[in-house]
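As structure tokens, the structure follows; a few thoughts come after it.
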Ligand code: EPU
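Printed below as a string of structure tokens:
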């Protein structure tokens with residue numbers, strides 16, 4: 060029942076430190092299941108998706124302890140195949156990585172169909188195509204995915220993905236790492252977190268080449284050994300602060316980033332008139348007094364990320380002119396538009412295209428966080444709007460942004476986390492202002 064209560068009209072100023080990448084971490088945690096030894100993983104983001112995956116591993120028998128706030132030690136040496144906690148698996152998308160990791164380690168896997176944000180149909184047919192090509196029998200029954208190898212081992216294969224899929228690319232990499240022989244994935248996704256997963260596995264003894272290109276080659280190895288690894292900074296968390304700084308007309312130094320991963324976002328923001336300066340591991344964003352309209356098409360990396368589509372839409376509501384956003388990855392990622400309309404935004408949606416009549420003055424309203432990135436968009440809109448915005452369902456936001464409210468308040472935002480456990484009873488309680 061927690062909600063964010065945002066007093067708008069603030070301007071973000073100062074410095075913010077970006078956490079480890081969610082979409083790398085949620086693959087690297089299942090990958091640790093394949094390692095017979097101790098993995099020390101640094102820059103682990105403190106978000107509910109990683110907490111759930113660590114709980115799943117712990118329930119499978121892994122020994123897990125935090126060495127400091129963002130460094131976790133995982134030892135899966137004594138893990139044996141057993142049923143994983145289905146209630147947790149159902150809640151997260153990334154539980155599909157347990158199929159690849161369990162198949163690789165044990166020769167069979169049983170998971171639930173993955174959960175995650177609802178952007179319309181999100182099939183896993185390319186994951187199944189990959190596992191089947193590697194020699195597994197995959198069956199979906201009663202909401203569960205069962206995958207089994209005939210002889211306890213997967214066998215390398217050549218796999219062409221019909222659709223560029225981040226999840227399928229990473230899942231096949233996981234499965235193929237301990238397979239017999241060589242696997243080649245063609246038409247692979249190229250996101251930075253795919254390179255990060257491959258680097259993690261290689262540092263534990265795997266032989267993966269070409270991650271970050273559309274052809275990934277994996278020579279299967281017998282075993283993975285323990286080691287240390289630091290997860291890359293989160294491209295989308297960084298992009299969200301960049302857009303928030305630009306939308307509020309502020310000036311923010313965003314630290315612990317890889318500027319190359321942000322080029323697609325920096326280029327779009329520069330088109331709006333925002334000044335983006337790159338340093339070694341930081342970017343400085345200075346908002347313009349008059350933001351200009353832009354057209355955006357989301358695409359797999361290195362295109363403009365679909366996960367940045369809702370945040371930039373919030374910015375374009377207040378930019379001058381008419382902007383067009385075309386969603387190139389998902390069928391249905393504009394559900395949050397209704398929430399922005401409650402704040403005075405003028406947006407028409409037709410299928411995968413949204414037309415935003417900018418230059419509107421947004422006003423605070425009670426709204427929903429429809430999903431993780433839609434929630435971030437509502438926070439940006441709330442900071443830009445006049446008056447008070449109350450956002451419900453903020454648990455979605457906490458799946459992917461570490462200490463979002465604390466980091467924004469340190470930059471000058473005015474956001475309270477309020478527990479409305481008993482609405483109207485007078486027992487509403489402010490549980491955080493930072
Ligand atoms: N697709 C298929 N078949 C498949 C797999 C995907 O048709 O077997 C389709 C999807 O329906 C979608 C497109 O291919 O239209 C791309 O999906 P992809 O597999 O790349 O997405 P994903 O692995 O399910 C990950 C991230 C998402 C991010 C996308 C795209 C994780 C856990 N999730 O999802 O992250 O939007 O890649 O970059 O890594 C987020 O962080 O907010 C988030 C939703």
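Numbering (the working numbering), first residue to last: 60 to 493. Yeah, the Cβ is synthetic: ideal placement off N, Cα and C, and Gly gets one too.
Measuring C-alpha to C-alpha distances from residue 214 to each of 418, 196, 229, 204 identifies 196 as the nearest. With a 10 Å radius around the Cβ and a threshold of 16 neighbouring Cβ atoms, residue 219 comes out exposed. Taking the Cβ of residue 273 as the reference point, every heavy atom of ligand 1 lies at 7 Å or farther away. If you compare the alpha carbons of 261, 201, 270, 328 with that of residue 254, the shortest gap goes to 270. For residue 154, the shortest C-beta to heavy atom distance toward ligand 1 is 7 Å or greater. Annotation: the region 68-147 contains the following complete segments of the alpha helix (DSSP H) (minimum length 4 residues), in chain order: 81-91, 107-118. Listed as beta-bridge partners of residue 314 by DSSP are 76, 341.
Judged by DSSP secondary structure, residue 333 falls outside any alpha helix (DSSP H); it is assigned neither H nor E.
The three-state secondary structure of residue 159, taken from DSSP, is helix.
According to the DSSP secondary-structure assignment, residue 287 is paired through a beta bridge with 99. Residue 81 has its Cβ nearer than 7 Å to a heavy atom of ligand 1. A distance of 8 Å or more separates the beta carbons of residue 247 and residue 221. C-alpha of residue 379 to C-alpha of residue 339: approximately 32 Å in a straight line. Classified as exposed, residue 284 has fewer than 16 neighbouring CB atoms from the shown chains inside 10 Å of its CB. Around the beta carbon of residue 126, a 10 Å sphere encloses fewer than 16 other beta carbons of the protein chains shown; the residue is thus reported as exposed.
Just measuring C-alpha positions, the residue of 250, 440, 199 sitting nearest residue 417 is 440. Under the three-state reduction of DSSP, residue 427 is assigned to strand. Residue 60 is classed as exposed because its beta carbon has fewer than 16 other beta carbons within 10 Å across all chains shown. A direct Cα-to-Cα measurement between residue 298 and residue 83 gives close to 16 Å. In the three-state reduction of the DSSP assignment, residue 266 falls in the strand class. The bridge partners DSSP lists for residue 356 are 385. If you draw a straight line from the Cα of residue 129 to the Cα of residue 187, it comes to about 33 Å. Beta-bridge pairing by DSSP links residue 409 to 412.
For residue 465 and residue 282, the gap between their C-alpha atoms comes out near 42 Å. DSSP, reduced to helix, strand and coil, places residue 206 within a strand of the structure shown.
Checking the DSSP bridge columns, you'll see residue 463 has no partner listed. From the listed residues 240, 386, 122, 308, the smallest Cα separation to residue 408 is found for 386. In this structure residue 410 is exposed. Its beta-carbon is surrounded by fewer than 16 other beta-carbon atoms within 10 angstroms. Assigned with DSSP and collapsed to three states, residue 363 falls in strand. If you draw a straight line from the Cα of residue 275 to the Cα of residue 265, it comes to about 13 Å. At the C-beta level, residue 311 and residue 75 come within 8 Å of one another.
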